[in-house]
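**Q** Structure provided below as structure tokens; questions to follow.
Numbering (our numbering), first residue to last: 65 to 333.
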């Protein structure tokens, strides 16, 4: 088993502040990772190196820094990275405990920085939202709304808000006009929690859609906590075929000047 060179928490923090390229990898299972980790650490469980390394770290000379919380995972994983041709593999001196002892902050949950960004966008841009009970009331009264679920389709198929259709977030601006062609239709954007619905809603607003757009506050989690029922096994992806994609792209191009003018203003001012 190879001797793994170390790098100090201070060096890692400095590299992150300078935006140097670095892959800071937490080798624990996701549940343990979620209990606390440096903000920009990525979770790559030791048992998934063979499945994920080549996809997530395609360049073999990327600087890799490994750590755990005392489980002893680092030496074996470093050997496996080396065996796969990675040339710059080090360990965080003292692991997670060393990071704490250096006085640096630990963040709970997963995707912490992405979620923090979503909260910042909502705070700065005042992204509109509705509570679960408000949306449920709109559904019950057959109001002119369209609920767009911006999660992956497999998440949508597992459980979804009744009547919603699947429009994964990366396709939202392109497809919202097809999903809600009537400008009087209120678009309700939902995800599992908050972040993707906030970003999706603000993306549509920034893109200048004519519809009123709101986020479903706290997504399917908030829906469940409000004692509302979810659908399961839905297959309403509303995926456009190639011709519909070309038509939608043409519509986007027609509004390009307006879109560029709006999108040139940053979300966070």
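Idealized CB from N, CA, C, for every residue including glycine. The structure presented is a predicted model; accordingly, all values stated were derived computationally and were not measured.
Starting from residue 199, follow the alpha helix (DSSP H) in both directions and report where the run begins and ends.
**A** First-last of the alpha helix (DSSP H) with residue 199: 196-204.
**Q** Is residue 325 helix, strand or coil by DSSP?
**A** Residue confidence for residue 325 is low, a pLDDT of 45 falling below 50, so the modelled location carries little weight and cannot support an answer.
**Q** Quick check: the Cα distance between residue 278 and residue 96, rounded to an integer number of angstroms?
**A** So the alpha carbons of these two residues sit roughly 34 angstroms apart.
**Q** Please classify residue 275: is it buried, with 16 or more other beta-carbons within 10 angstroms of its beta-carbon, or exposed?
**A** Buried: at least 16 other Cβ atoms inside 10 Å.
**Q** Only counting the same chain, and skipping five residues up and downstream in sequence, which positions put a Cβ closer than 7 angstroms to that of residue 221?
**A** 297, 298, 299, listed in sequence order.
**Q** Note the first and the last residue of the continuous beta strand (DSSP E) segment covering residue 154.
**A** Looking at the DSSP string, the run of the beta strand (DSSP E) that includes residue 154 is 153-156.
**Q** If I measure Cβ to Cβ from residue 219 and keep anything under 7 angstroms in the same chain, skipping five residues before and after, which residues do I get?
**A** Only 256 meet the Cβ criterion.
**Q** Rounded to whole angstroms, what's the CA-CA distance from residue 247 to residue 145? Just pull it up for me.
**A** Distance between the alpha carbons of residue 247 and residue 145: 53 angstroms.
**Q** Out of 187, 160, 180, 243, which one is the CA nearest neighbour of residue 209?
**A** Comparing Cα-Cα distances from residue 209 to each of 187, 160, 180, 243, the minimum goes to 243.
**Q** Can you tell me whether residue 295 is helix, strand or coil according to DSSP?
**A** Here residue 295 sits in strand by DSSP.
**Q** Under 7 angstroms, do residue 214 and residue 236 count as touching if we go by C-beta distance?
**A** It is a contact, given that the beta carbons lie within the stated cut-off.
**Q** Using only CA atoms, which one of 198, 99, 268 lies nearest to residue 172?
**A** Ranking the options by Cα distance to residue 172, first place goes to 99.
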